Amino acid sequence: MGAPTESKKALTLAEISALVRGRVVGDEALTVVDVRPVDEASSEELGFLASRRYVRYVDDSRARALLVAADLEGQVGEGRSLVVVEDAHRALYELLRTLHPDAPAPADIHPTAVLGRGVELGEDVGIGPYAVLEDGVRVGSGTRIGAHVVIGRDAVVGQDCLLHPQVVLYPRTVVGHRAILHSGARIGVDGFGWAFVDGAPRKMPHVGRAILEDDVEVGANSTVDRGSIGDTVVGRSAKLDNLVHLAHNVRLGAMSLLAALVGIAGSTRVGRGVLMGGQAGVINHLEIGDGAQIAAAGKVMRDVPAGAVVSGYPARPNREYLRKEAHLERLPKLAERVKALESLVGNRGAAAPEE
Amino acid sequence: MGAPTESKKALTLAEISALVRGRVVGDEALTVVDVRPVDEASSEELGFLASRRYVRYVDDSRARALLVAADLEGQVGEGRSLVVVEDAHRALYELLRTLHPDAPAPADIHPTAVLGRGVELGEDVGIGPYAVLEDGVRVGSGTRIGAHVVIGRDAVVGQDCLLHPQVVLYPRTVVGHRAILHSGARIGVDGFGWAFVDGAPRKMPHVGRAILEDDVEVGANSTVDRGSIGDTVVGRSAKLDNLVHLAHNVRLGAMSLLAALVGIAGSTRVGRGVLMGGQAGVINHLEIGDGAQIAAAGKVMRDVPAGAVVSGYPARPNREYLRKEAHLERLPKLAERVKALESLVGNRGAAAPEE
Amino acid sequence: MGAPTESKKALTLAEISALVRGRVVGDEALTVVDVRPVDEASSEELGFLASRRYVRYVDDSRARALLVAADLEGQVGEGRSLVVVEDAHRALYELLRTLHPDAPAPADIHPTAVLGRGVELGEDVGIGPYAVLEDGVRVGSGTRIGAHVVIGRDAVVGQDCLLHPQVVLYPRTVVGHRAILHSGARIGVDGFGWAFVDGAPRKMPHVGRAILEDDVEVGANSTVDRGSIGDTVVGRSAKLDNLVHLAHNVRLGAMSLLAALVGIAGSTRVGRGVLMGGQAGVINHLEIGDGAQIAAAGKVMRDVPAGAVVSGYPARPNREYLRKEAHLERLPKLAERVKALESLVGNRGAAAPEE
Chain L
15 MGAPTESKKA LTLAEISALV RGRVVGDEAL TVVDVRPVDE ASSEELGFLA SRRYVRYVDD
75 SRARALLVAA DLEGQVGEGR SLVVVEDAHR ALYELLRTLH PDAPAPADIH PTAVLGRGVE
135 LGEDVGIGPY AVLEDGVRVG SGTRIGAHVV IGRDAVVGQD CLLHPQVVLY PRTVVGHRAI
195 LHSGARIGVD GFGWAFVDGA PRKMPHVGRA ILEDDVEVGA NSTVDRGSIG DTVVGRSAKL
255 DNLVHLAHNV RLGAMSLLAA LVGIAGSTRV GRGVLMGGQA GVINHLEIGD GAQIAAAGKV
315 MRDVPAGAVV SGYPARPNRE YLRKEAHLER LPKLAERVKA LESLVGNRGA AAPEE
Chain D
15 MGAPTESKKA LTLAEISALV RGRVVGDEAL TVVDVRPVDE ASSEELGFLA SRRYVRYVDD
75 SRARALLVAA DLEGQVGEGR SLVVVEDAHR ALYELLRTLH PDAPAPADIH PTAVLGRGVE
135 LGEDVGIGPY AVLEDGVRVG SGTRIGAHVV IGRDAVVGQD CLLHPQVVLY PRTVVGHRAI
195 LHSGARIGVD GFGWAFVDGA PRKMPHVGRA ILEDDVEVGA NSTVDRGSIG DTVVGRSAKL
255 DNLVHLAHNV RLGAMSLLAA LVGIAGSTRV GRGVLMGGQA GVINHLEIGD GAQIAAAGKV
315 MRDVPAGAVV SGYPARPNRE YLRKEAHLER LPKLAERVKA LESLVGNRGA AAPEE
Chain V
15 MGAPTESKKA LTLAEISALV RGRVVGDEAL TVVDVRPVDE ASSEELGFLA SRRYVRYVDD
75 SRARALLVAA DLEGQVGEGR SLVVVEDAHR ALYELLRTLH PDAPAPADIH PTAVLGRGVE
135 LGEDVGIGPY AVLEDGVRVG SGTRIGAHVV IGRDAVVGQD CLLHPQVVLY PRTVVGHRAI
195 LHSGARIGVD GFGWAFVDGA PRKMPHVGRA ILEDDVEVGA NSTVDRGSIG DTVVGRSAKL
255 DNLVHLAHNV RLGAMSLLAA LVGIAGSTRV GRGVLMGGQA GVINHLEIGD GAQIAAAGKV
315 MRDVPAGAVV SGYPARPNRE YLRKEAHLER LPKLAERVKA LESLVGNRGA AAPEE
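Residue numbers (our numbering), protein chains in the order written: chain L, 15 to 369; chain D, 15 to 369; chain V, 15 to 369.
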């Protein structure tokens, strides 16, 4: 399944520093065999320190060397060697790719795979046990399809994709190049649409498609509906975490990142580079502008302009939300102040006739 | 998998109008080959316009004809032919059924399907590759079972159902006629119940069943627990979107519609025709009356009477919710007003001894 | 799949009372064949009554005998025999285990199961149709693996586990003894982590593991991510309901119970015996102390001390939450009181120059 390998290399801090464009403080010749969080690293491993919250674990760490964000360098005591970097996550990314190169799954087609009529496979396609490709499916070269994947009739999958076990693509779904779909992702599901005939809900036919553009990643057990009429589109390099739901006819812009349990209702259009925290939700037929940010659990009930940062339920601009929360915090005190005023004014009110 | 076909027919506006009981304004002889959202339709397609929010796309639409809701007719400029209808979604439903008739999956039993002892199948049952029907399972005539579906021991599935790939029915689950279960739906799962023995949680045996009545649809990756003792029941024509959770012993009334990511906790009873927006939640042991509506993300913490419309967290009647939100909006101003009063009264208070 | 059997035994109330350490009021020789909720029980079944909300169903119940919590004994009228117990759920647990003993799945290895190189199986391991165990997988004795389960390379599963159909363990996942994993559970998924290179999100390699300690249960369609570096750990006897999400590097303490649709973001540490209601959420990098309780839909945005009970969005201590809600309830009245004060003081304010 293209899983990460276990690290076998030993690297010196000098080598690591060159790799991640960092700066060594201490012993350049010291070697480590892997990188781990500062509180879990052994003496053979590079401790990773990117967040202020983990500084407290440094003193007890067994790591003899740390990969540390520049703004935390001053908070690490003496006695350890450091590789100091500006962007710790970028550095981690480079380092892990070197220490744990991908072990690509073999490009075998398992004899139990069921291929329908007219299936077209590019070169070097791997298909796992019991996968089912229905009639007319096309798969680009270099793509790996895991065990028990089902690709419905006339669906198209691009090149160099990785479909983990038990992904289901409904018929006519389109997946671009280099997509990663995790186990249990369901793409192209009928949307939730009903016409009421004699008071009972009748299923609206769903004849549109779900289209994932290039470089999309979809988390485990996430669901993307097909369009009712027209298509649902997930833009290039957009990333969905686990258990995310995109309803029919949603359009999600390029490079947007949706954390787990996010739900976006029908026909909503989300711009480019939008970030949504876990459990955020957006109702239907809205427009979320480019670069907007929805905080975790933010419930969006109206359009969000480009670049806005919103939080809360209903979601509102973050400053407004924080001010509202502060006022809420002071509400008991406000009530007391009103009571005090009343007793002052009320006394006077009662006294008034005597004036 | 019973997927929609691609449209092949060409229909005149006169034919469409007769089909959807509409009224043509313009060229009755004009033909279209499909229907699409107004902003996506080509010149060969009928543009669909049911929402005020899409009026802005009309001017740039390539569609030469529109299917339009009567209340929007006045907002469409000259130069296009129209089919005007009272209920646009009902009309769309009729039109799509004609343009895209269902292509039923074949009634074959794939040779790789595993059928246990005593399995009983009605006529014209189709079973996909690698499906597993355990001992004692009964399936009604006309039902289609997708690839990798697992039906547990002694479960019963009615007639003319459609089980998409990778549905799992736990043992003794009961599914009525004409059900549609989407990929990854798990029906009859053990509920979340624990007895504490010596301080540790011990699994409460779950011996009840999950029962889906006729015409139920369950979305992708949704979960319906079996009862602990007694049954979990989903009423006739109830519809669950994707990633919905119904806990043990929930009773969901007929024709209720639950949008994605809704969760209903144990033993709660939901009436008929109840609507819940996405991410709504209901705690356990409540009663939700017939025809109630829970807004998206509404968190219901107490019983809801029949016909009530509730929103917010905790959910309260919608008017109360809106009033509360309006008051919250004005809270900063209220605080200022109290401060102003204090300075007025305080001055006087300070002045009082001098009076 | 190790499903509960149907009850065949008939027990007298005396026998039941001995079993559950209860006290019979009425006919000790009366026999019942099963236990059901008070409103669903037949005359042959013991009605179960543990909650005040169900007292209203007693009069119409067909049950001739009830299993009743001691604090409800006084609310049950004459004419029925009772088994009275202190802890009704504990009693139900004991009774169900006797009436419905587990029927273990057979320890067969289905001929269609695909076992990779170097797979090691303990004694009495059962493997269902079409299950796939990749190279190097180890499974402890007595474990049952359902149909279509996929266990990735080098993963380890302990003894006496039950993996329901269509569970997926990603490579190198570790599962302890006596785990129960429900259908669609995905363990060891890559986490949601990105490094930005030239403005585009690049997948952070995930080289840690997901580790489930002994006696863990994971609900249907729940997802547990592997660590990015370091491991994600679910503590002993922790229980996850359906559709729960644990992000990379979460550490969940022993005996913690998470209800459906809970999401916990990356690197958050949750203590022992923590309870979270349905749809609760916790942002990343937090610490939740031992024994804390998060109410249903509570959205936790900061650390929670041990033993605290929090609710709301953002979650705050329960008392504070209730006080805040009460103040919100009175906010319209508060606004009126301020208005009244203003008119009083304002009049005086207007009068002031005349003084």
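For every residue, glycine included, the Cβ atom is placed at its ideal position computed from N, Cα and C.
Given the structure is predicted, the values throughout are model-derived calculations rather than measurements.
Check	Outcome
Tell me the rounded alpha-carbon separation between residue 352 (chain V) and residue 333 (chain L).	26 Å
By the 10 Å Cβ neighbour count, where 16 or more other Cβ atoms means buried, how is residue 357 (chain L) classified, buried or exposed?	exposed
Based on the DSSP output, what are the partners of residue 69 (chain D) in its beta bridges?	None; residue 69 (chain D) has no bridge partner.
According to DSSP, is residue 297 (chain V) helix, strand or coil?	coil
Quick check: is the beta carbon of residue 218 (chain D) nearer than 8 Å to any beta carbon in chain V?	yes
Residue 356 (chain V) by DSSP, collapsed to three states: which one?	helix
At the 8 Å Cβ level, is residue 251 (chain D) part of the contact set with chain L, yes or no?	yes
Quick one: what's got a C-beta closer than 6 Å to residue 170 (chain D)'s C-beta in the same chain, skipping five residues either side?	152 and 188
I want to know whether the stretch 219-232 of chain V touches the stretch 228-242 of chain D - three or more CB-CB distances under 8 Å.	no
Mind reading off the beta-carbon distance from residue 98 (chain D) to residue 37 (chain D)? Whole number of angstroms is fine, and I expect it under 8 Å.	5 Å
At a CB-CB cut-off below 8 Å, which residues of chain D make contact with residue 297 (chain L)?	291, 292 and 310
So residue 257 (chain L) contacts chain D; which residues on that side make the cut at Cβ distance below 7 Å?	257
Which residues in chain L sit within 7 Å of residue 198 (chain V), going by Cβ to Cβ distance?	198 and 235
For the 8 Å Cβ check, are there 3 or more pairs between the stretch 85-96 of chain D and the stretch 84-93 of chain V?	no
In the DSSP output, what is residue 115 (chain V) paired with across the bridge?	The partner list for residue 115 (chain V) (beta bridge, DSSP) is empty, contrary to what the question assumes.
Just checking: is the beta-carbon of residue 356 (chain V) within a distance shorter than 8 Å of some beta-carbon in chain D?	yes
Would you kindly work out how many angstroms separate the C-alpha atoms of residue 41 (chain L) and residue 25 (chain L), rounded to a whole number?	13 Å
If you pair each beta-carbon of the stretch 264-278 of chain V with each one of the stretch 236-253 of chain V, do three or more pairs fall below 8 Å?	yes
Which whole-angstrom value describes the C-beta separation of residue 321 (chain V) and residue 295 (chain V), a residue pair presumed to lie in contact below a C-beta threshold of 8 Å?	Incorrect: roughly 20 Å between the Cβ atoms, too far for contact.
Between the stretch 207-216 of chain V and the stretch 199-219 of chain D, do at least 3 Cβ pairs fall closer than 8 Å?	no
Hey, quick one: how far does the beta strand (DSSP E) through residue 201 (chain L) stretch, first residue to last?	200-203
So, with DSSP's three-state summary, where would you put residue 304 (chain V)?	coil
Quick one: which chain V residues come within Cβ less than 8 Å of residue 247 (chain D)?	Going along chain V, no residue has its Cβ under 8 Å from residue 247 (chain D), so there is no contact; the nearest lies around 10 Å.
Just the Cα atoms here: how many angstroms apart are residue 209 (chain D) and residue 139 (chain D)?	42 Å
Kindly say whether residue 150 (chain V), judged by its beta-carbon, lies nearer than 8 Å to any beta-carbon of chain L.	no
On the CB-based measure, 16 or more other CB atoms within 10 Å of its CB, does residue 15 (chain L) come out buried or exposed?	In this prediction, residue 15 (chain L) has a pLDDT of 46, which is less than 50 and means its spatial position is unreliable; what the coordinates show is noted afterwards. So residue 15 (chain L) ends up on the buried side.
Any Cβ of chain L within less than 8 Å of the Cβ of residue 348 (chain V)?	yes
Would residue 331 (chain V) pass as an interface residue toward chain L - the criterion being a Cβ-Cβ separation below 8 Å?	no
Let me check understanding here. Comparing Cα to Cα, which of D:315, D:311, D:316 and D:317 lies closest to residue 315 (chain L)?	D:311
What residue range does the beta strand (DSSP E) around residue 3 (chain V) cover?	Any question about residue 3 (chain V) goes unanswered here, given that chain V covers just 15 to 369.
Could you check what DSSP says for residue 31 (chain D) in three-state terms: helix, strand or coil?	helix
Strictly under 8 Å for the Cβ-Cβ distance: is residue 192 (chain V) near chain D by that measure?	no
Going by Cα to Cα distance, which pick from L:206, L:124 and L:29 is closest to residue 298 (chain L)?	L:206
Of all the CB atoms in chain V, is at least one closer than 8 Å to the CB of residue 89 (chain L)?	no
Output, in chain order, the set of chain L residues within a Cβ distance shorter than 8 Å of residue 340 (chain D).	In chain order: nothing, as chain L lies at least about 12 Å away.
Which runs of the beta strand (DSSP E) fall wholly inside the stretch 117-169 of chain V and span at least 3 residues, in chain order?	none
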